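Reviewing the structure listed below.
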Amino acid sequence: MKKPTLAFGFTAILGFSTAALAGGAAPSIHVYKSPTCSCCVDWIDHLEENGFDVTATNSNNMGRIKAEVGLIPGLGSCHTAIVNDYVIEGHVPAGDIKRLLSEAPKATGLSVPGMPVGSPGMEMGDRKDHYKVILFNEQGQTRVFSEYH
5 MKKPTLAFGF TAILGFSTAA LAGGAAPSIH VYKSPTCSCC VDWIDHLEEN
55 GFDVTATNSN NMGRIKAEVG LIPGLGSCHT AIVNDYVIEG HVPAGDIKRL
105 LSEAPKATGL SVPGMPVGSP GMEMGDRKDH YKVILFNEQG QTRVFSEYH
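The letter at position 142 of the sequence shown is residue 146 when you use our numbering, and the numbering goes up by one with no holes.
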């Protein structure tokens, strides 16, 4: 499977491997976000609180980044991240990212489309929207990876 070029570059730079995750090292993740988006910062805080080593880059051209990493139409959200060879789109819970890295399926990545209230970084009191974490591949195939109510 062809991996996104951008993902390969950052995997090499960050030096992260699944073996590092298994050995207890903090997984490194690179987040691309709009400079004006506060929910992206809240999601980054969620990742750090759950043991991720986060590097963030502000971008005014998120559409280009999403296209370069192979995000398929309909799965977009406000921020895009790269961890290992996987794309993480939107407010994906840290536990699902860790599960993805542990199971290592042949996939492009995970997405939480849109910005559902109650997802990490989108907390609003006790309100929680139902949302799904979607696993996707470069052929445009998707399946539900996890679901939250």
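No residue lacks a Cβ here, since even glycine has one placed at the ideal position from N, Cα and C. Quick caveat: nothing in here was measured; it's all calculated off a predicted structure.
Cβ-Cβ distances below 6 Å link Thr61 to Tyr36 in the same chain, with the five nearest sequence neighbours on each side left out; the list follows chain order.
Distance from the CA atom of His83 to the CA atom of Ile33, rounded to whole angstroms, is 12 Å. Here Ala98 really is in contact with Phe56; their C-beta atoms are around 7 Å apart, less than 8 Å.
Excluding the 5 residues flanking it on each side, Arg147 has same chain C-beta neighbours closer than 6 Å at Leu139, in chain order.
For Gly122, same chain residues with a beta-carbon under 8 Å away, outside a window of 5 residues either side, are Met128, Arg131, Lys132, Asp133, Tyr135 and Tyr152 in chain order.
Nearest to Met126 by C-alpha distance, out of Gly80, Gly94, Lys70 and Ser115, is Gly94.
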